[in-house]
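The sequence shown lines up with residues 562 to 749 when you count with my numbering. Every residue, glycine too, gets a C-beta built ideally from N, C-alpha and C. Computed from a predicted structure; not experimentally measured. This report concerns only the one structure given below.
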Amino acid sequence: MTSVTIPHHIYESTHLRFRGLCETDIEGPYLHWFDDQEVCRFNSHGRFPSTRKKMFAYIEMLQTSEIHLVWALIEKGSEAHIGNISLQSINTVNRSAEFAIIIGARSCWGKGYAYEAANILFSHGFRKLGLNRIQCGTSQHNIGMLRLAEKLGMTREGNRRLALFENGEFVDAVEFGLLKEEFDSSAK
Numbered sequence: 562m563t564s565v566t567i568p569h570h571i572y573e574s575t576h577l578r579f580r581g582l583c584e585t586d587i588e589g590p591y592l593h594w595f596d597d598q599e600v601c602r603f604n605s606h607g608r609f610p611s612t613r614k615k616m617f618a619y620i621e622m623l624q625t626s627e628i629h630l631v632w633a634l635i636e637k638g639s640e641a642h643i644g645n646i647s648l649q650s651i652n653t654v655n656r657s658a659e660f661a662i663i664i665g666a667r668s669c670w671g672k673g674y675a676y677e678a679a680n681i682l683f684s685h686g687f688r689k690l691g692l693n694r695i696q697c698g699t700s701q702h703n704i705g706m707l708r709l710a711e712k713l714g715m716t717r718e719g720n721r722r723l724a725l726f727e728n729g730e731f732v733d734a735v736e737f738g739l740l741k742e743e744f745d746s747s748a749k
């Protein structure tokens, strides 16, 4: 392993700081979030054991990726790495990306951090990356993400029927989208 410095913060909000993921994050609780079945209940993580080797490879890939933007969420005060937020599958032709978030620190659930962080990320995506559309999909049972998407002003665009395998059964994936003009008009 090479010597790594923690990147500077990219943005700051009321309760959070945002920075790129770095190798030192693996030394903290980050590695274990993906083995926590409650944290990973509605995402694709937690199906196979998380390993340091996989995490190092992922972080290394992010260093040069132009289709994945992943930020560490740092709680002000505690300075703890509490989660990650991302734009994935960034498409520069269609000017679109997929939104994802994980709050791995259970003590930070229900504090409004996901909404606060998503607003910063969406602003960056629309104003710095030139995106026209941000979308996300989630399980029909993921009440937290469904509420977050609605609070962010995302439009429910439909369901992908029985698209997700969850707890031994197939369930619908609920799809949401937000256009730049909608984000801009809500920010006024």
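Selected residue, minimal CA-CA separation from residue i, among the options
| i | options | result |
| --- | --- | --- |
| GLY698 | PHE687, LEU648, PRO590, ASN728 | LEU648 |
| LEU682 | ARG667, MET715, ARG656, ILE646 | ILE646 |
| SER605 | TRP594, LYS614, ARG613 | TRP594 |
| ALA679 | VAL735, VAL631, GLY589, ASP597 | VAL631 |
| LYS615 | ILE628, THR625, LEU592 | LEU592 |
| ASP596 | LEU707, PRO610, CYS583, ILE662 | PRO610 |
Spatial neighbours of residue i in its chain, beta-carbon cut-off 7 Å, leaving aside the 5 residues before and after
| i | result |
| --- | --- |
| TRP670 | ILE664 |
| LEU577 | LEU634, ILE635, GLU636, LYS637, TYR674, GLU677, ALA678 |
| ALA710 | CYS697, PHE737 |
Residue i: first and last residue of the uninterrupted alpha helix (DSSP H) it sits in
| i | result |
| --- | --- |
| HIS593 | 591 to 594 |
| LEU709 | 704 to 712 |
Secondary structure of residue i, DSSP reduced to three states
| i | result |
| --- | --- |
| ILE635 | strand |
| THR585 | helix |
| GLU743 | helix |
| ALA748 | coil |
| LEU577 | strand |
| THR563 | With a pLDDT of 48 at THR563, under the threshold of 50, the predicted position of this residue should be treated as unreliable, though the coordinate-derived value follows. Three-state DSSP puts THR563 in coil, outside helix and strand. |
| GLY691 | coil |
| ASP597 | coil |
Boundaries (first-last residue) of the beta strand (DSSP E) holding residue i
| i | result |
| --- | --- |
| SER700 | 694 to 700 |
| GLU718 | 716 to 727 |
Cutoff 8 Å; reference residue i; Cβ partners in own chain excluding five residues on either side
| i | result |
| --- | --- |
| HIS702 | PHE603, GLU727, VAL732 |
| GLY714 | LEU739, GLU743, PHE744, SER747 |
Cβ neighbours of residue i in the same chain (closer than 6 Å, five flanking residues each side left out)
| i | result |
| --- | --- |
| LYS672 | none |
| THR752 | Summary: the structure shown does not reach residue 752, with the chain confined to residues 562 through 749, and so no result is reported for it. |
Could you tell me which whole beta strand (DSSP E) segments of length 3 or greater appear in the stretch 602 to 687? 630 to 636, 642 to 652, 657 to 664
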